[in-house]
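Each residue of the sequence shown is one higher than the one before, starting from 6 at the first, in my numbering.
Every residue, glycine too, gets a C-beta built ideally from N, C-alpha and C.
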Amino acid sequence: MDLAPILAAGVPLLGWTTHGTYLARRLATARRDPLTGLLTRDGFTTRAERLIRSHPDRTTVLLIDLDDFKTINDTHGHAAGDAVLAATADRLTAWCGSSGLAARLGGDEFAVVVLDSADRLGDLRTALNQPVPVGGLFLNVGASVGASHPAALLLTEALSAADRDMYAHKPGGRTSRRR
């Protein structure tokens, strides 16, 4: 049996398969935030839009911003800030369970798309405002949560509505975006 034709076809096929697998893994890694393990904006957008289209009447879009996060970084260092971000991600993931998606959009800003959450928003606010243990200290963390129900909206419109709602709930009554 002459193996030359099989090898001539098989070796390049194996190379392309390996390369394709490598690229797929890199793409999946790029859609996850390395610090928190949450989806990034790109990974979140595709899945969130699909969830909204599938269940428009049951979907809630949330935008979460950690209050005075810069103070934690400035006072306790970036490692403490990273611990707060990771704890926030864990709390969001636990709260969402299998009925939603959580993402870190950047900095201290997070987004969630979840099904049937109206009666659970208080639990989320309570969880996010729990102190975070860091190096023998318990750091007080505050989070502002804005909600939107995008029955017929696009994800971008729902996030904008949640953003407005979040800033209406910010401590001190700030209702406009920071610059």
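Do you know offhand how far residue i's Cα is from residue j's?
i	j	result
Gly102	Asp7	56 Å
Val137	Ala88	8 Å
Leu164	Leu67	7 Å
Ala167	Lys75	22 Å
Thr51	Pro10	43 Å
Val117	Val139	25 Å
Arg125	Leu110	22 Å
Arg63	Ile69	19 Å
Met171	Arg130	12 Å
Thr98	Ile77	22 Å
Ala123	Asp72	23 Å
Ala92	Leu144	11 Å
Thr41	Arg169	25 Å
Gly105	Arg46	15 Å
Leu54	Leu44	It is worth fixing the name first, because residue 54 is Glu in this sequence and not Leu. Approximately 14 Å between the Cα atoms of the pair.
Gly127	Leu133	10 Å
Val146	Leu120	26 Å
Arg96	Arg36	20 Å
Gln135	Gly141	15 Å
Gly112	Leu56	25 Å
Phe115	Asp79	21 Å
Pro176	His60	32 Å
Ala185	Phe49	No answer is possible for residue 185: it lies beyond the span of the chain, which begins at 6 and ends at 184.
Pro39	Leu90	11 Å
Ala148	Arg58	28 Å
So, does the CB of residue i fall closer than 8 Å to a CB anywhere in chain B?
i	result
Leu159	Here there is only one protein chain, and chain B is not present.
Checking the sheet assignment: what are the DSSP bridge partners for residue i?
i	result
Ala107	Val117
Arg37	Leu44
Ala152	Leu67
Pro61	Pro61 is not bridged to any residue.
Val139	Leu142
Asp72	Gly147
Compute the beta-carbon to beta-carbon distance between residue i and residue j, rounded to the nearest angstrom, for a pair I have assumed lies under 8 Å.
i	j	result
His154	Thr65	6 Å
Less than 7 Å between the CB of residue i and some heavy atom of the ligand MN, yes or no?
i	result
Ala88	Looking for the ligand MN in the displayed structure turns up nothing, as the structure carries no ligands at all.
- Count the C-beta pairs between the region 159-166 and the region 81-97 that are closer than 8 Å, then say yes if the count reaches three, no if not. no
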